[in-house]
Structures are given as C-alpha cells and as structure tokens.
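Residue numbering for the sequence shown follows my numbering, beginning at 3 and increasing consecutively.
For reference, the structure is listed below as structure tokens.
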Amino acid sequence: MGKLKANPTLTVIKPGPLSLIQDFGRFGVAHLGLTQGGPVDDYSYSWANHLLGNPVNQAALEITLGQCALKIDSDCEMALCGGDLQASLDGKLLDNWSTFQAYKGQVLSFGLPKNGLRAYLAIKGGFNVVNTLNSSSTVTREKIGGLTQDGQPCQKGQKISFTQHDLSTPFKALSVTFRYKPDYNLPVNLRVIEGYQNELFTESAKETFYNAQYIVDQNSNRMGYRLNGDVVESPDISLLSEGIALGAIQIPQDGQPIVLLNDRQTIGGYPKIGCVARIDLPRLAQAKPGHEISFSKGDRLGLQDVWCQWAQFFGY
3 MGKLKANPTL
13 TVIKPGPLSL
23 IQDFGRFGVA
33 HLGLTQGGPV
43 DDYSYSWANH
53 LLGNPVNQAA
63 LEITLGQCAL
73 KIDSDCEMAL
83 CGGDLQASLD
93 GKLLDNWSTF
103 QAYKGQVLSF
113 GLPKNGLRAY
123 LAIKGGFNVV
133 NTLNSSSTVT
143 REKIGGLTQD
153 GQPCQKGQKI
163 SFTQHDLSTP
173 FKALSVTFRY
183 KPDYNLPVNL
193 RVIEGYQNEL
203 FTESAKETFY
213 NAQYIVDQNS
223 NRMGYRLNGD
233 VVESPDISLL
243 SEGIALGAIQ
253 IPQDGQPIVL
263 LNDRQTIGGY
273 PKIGCVARID
283 LPRLAQAKPG
293 HEISFSKGDR
303 LGLQDVWCQW
313 AQFFGY
C-alpha cells in the first residue's frame, strides 16, 4: 500500500495577540452553560467564505489586532475580509475584501490595524479542524474548540490543515464591491430593539441612553463591549437571572452600558434596556477602544427583514 499523503497546511510563525479558529458558532448547547462563539463580525466572515465559493459555516481564522504571520506550506487560494490589518504576502500588500493565491514557502503577515480591529482569513474548502459539540469555534473562557479542541488561541509552530484544491489559471481575484465595504473608522450608531425590561427604566434614563455619545472601553472583548459615557440610571430592582440574547444591552448599577457578544455568559440578571439589532453587531465588533458609539430606536420588523435578506444572500 502507498503512503497516505498528509493534508496541506499553513504554519503559525507568529500568532499575534488573538488568532482564533471560528465557524459560524455552537448552537443548541446554552442549557449546558456553553455559549455560541463564532465570528463576532459575521458579515466579514461570511464574505470571506462567499468569495471563495465555500459552503456556509466553513472554519476560518479570526485575527484580532494583527501582528500575526503564517507560512504557506502548500499552494492555496484564500480570501481576506474585515478590518484592514495591513496584510502582506512576502512583503507585498494584499487587497482587502478580495481573494488571492499563495504559494509554498511564502509568508502571509499582518501589521497593526489601520481600519477596524479584526480580519477574517478563509481558505478554499475551509480549514480542517475537528468539531467539538458540532462546531470548531474557539471559546477561550470555556476551553472549547479551536485547533486543539480545548479553546486555546493559535500558538506558534502549530499547523492549520486544509483540503488540497486546484488553483485556477489564469487567476482573477474576486473582490467585494465598494458599496458593501464598511469604513470602520466612522462613528457607529447601533439600532436598538427594545425588550420587556425596557419598561423598568425611567423616561429620563431612556432619554439619556438615546442622546448620549459613548466611547468603547479598553475592557471590551468577545464577551461584550463596555461603553463609557453619560450615566443611565439602572432600575433599583432585583431580577432573576435569565437567558441572554446576542446583542443584549445590560445597564449595571454604574449606569455604563455593556453590549453582549458571541462569548457572553448564557444567563445574567442585570437589567436590559434592549438588544442591538443583529445586522449592526459586526460594526460594533470592529470598533477599537475610544471609538464613538451612539444608540437609536430600531424598527423591529424592518430590521428583521434586512437580516433575513442578508442571511438568504449568504445561504444561511
């Protein structure tokens, strides 16, 4: 019998502050206390896979704050979307929101963020990563998923496997049209769908919330974004802990909003003024500390319609 050929790989030369394997997320396990994980900017993640013709939910690499380098061990076709982390191949800058080909021996490296915070690197056919509870998504706090299935971010020297694929010749890069490329340096307005606990807040508190300008706090991460600004009076009431939706806006006693993201805890008891529309969360996930954030009332039906169009386009 002939020797089995190993899958082609990329090698992590430098992992950067936080590089995580993510597919669309881990669902149906909240009752076990496990959160969904997945890309915090699912818009960029979805475009990266879509440009390559990958089926939805393929594993990709979420690179936060750049400073990451990968050695190409086998020829491959990849796509890069999301924040501009000054990606280059053998020192030559790559176009963002585009596909590109890389060849054995080349080095793909990322600098510091120029626009946005996180880049999504997808590969044709997806990265080959073992699933844990039906997903490869890495959640470091829960020690689940990722290359080693124990929630570790990518480490120096690790190899990321992918399926061999033919490179098209001649190659023509596919790119996202400028209409669909966000400018992450612009101030962000988040549309809010108010929930039943909204009635617990005074009219004055709600007025403050919708009129204030907030900035992103340094202590923001994949669990949630903490915002600093005018104090929103939180109801002085004890609430039973309950399940927390993606994008829920908690107002703790210090009156500073927290918008909960993919790695959020599954239950919590802080009063919630509402929920950020799903379609707006990717913009928040690309906001750096110090970025300006404001809130406005959203039209639930209209926002649901936009979200459904988005999901249908990508095939979810």
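We treat Cβ as the ideally placed atom computed from N, Cα and C, and that holds for glycine.
- Secondary structure at Glu205: helix, using DSSP grouped into helix, strand and coil.
- Taking a 10 Å sphere around the C-beta of Glu209, we find fewer than 16 other C-beta atoms and assign the residue as exposed.
- An exposed status is given to Leu114, since fewer than 16 other beta-carbon atoms sit within 10 Å of its beta-carbon.
- Residue pairing by DSSP places Gly300 opposite no residue, since no beta bridge is assigned to it.
- Taking 8 angstroms as the upper bound for CB-CB distance, Arg120 and Glu205 are not in contact here, some 37 angstroms apart.
- Cys310 is classed as exposed because its beta carbon has fewer than 16 other beta carbons within 10 Å across all chains shown.
- If you look at Asn51, you'll find it isn't in any beta strand (DSSP E); it sits in the alpha helix (DSSP H) that goes 44-53.
- Uninterrupted alpha helix (DSSP H) stretches at least 4 residues long and entirely within the segment 213-288 occur at 283-287, given in chain order.
- Between Lys274 and Gly197, the C-beta gap is smaller than 8 angstroms, which places the two residues in contact.
- Of the candidates Gly304, Gly292, Gly270, Ser21, the residue whose Cα lies closest to the Cα of Gln220 is Gly292.
- Pairing Phe129 with Ala71 gives a Cβ-Cβ distance that is not under 8 angstroms.
- Within the same chain, Arg228, Pro291 come within 7 angstroms of Ser222 by CB-CB distance, once the 5 residues on both sides are set aside.
- With contacts defined by Cβ atoms closer than 8 angstroms, Phe164 and Cys78 form a contacting pair.
- Distance from the CA atom of Glu244 to the CA atom of Asn213, rounded to whole angstroms, is 28 angstroms.
- Taking the C-beta atoms as reference points, Asp43 is found nearer than 8 angstroms to Gly84.
- Assigned with DSSP and collapsed to three states, Cys310 falls in helix.
- With distances taken between CA atoms, Glu294 lies nearest to Tyr186 out of Ala279, Val109, Tyr186, Leu176.
- The beta-carbon distance between Lys106 and Asp86, rounded to whole angstroms, is 26 angstroms. This is too long to meet the 8 angstroms contact definition.
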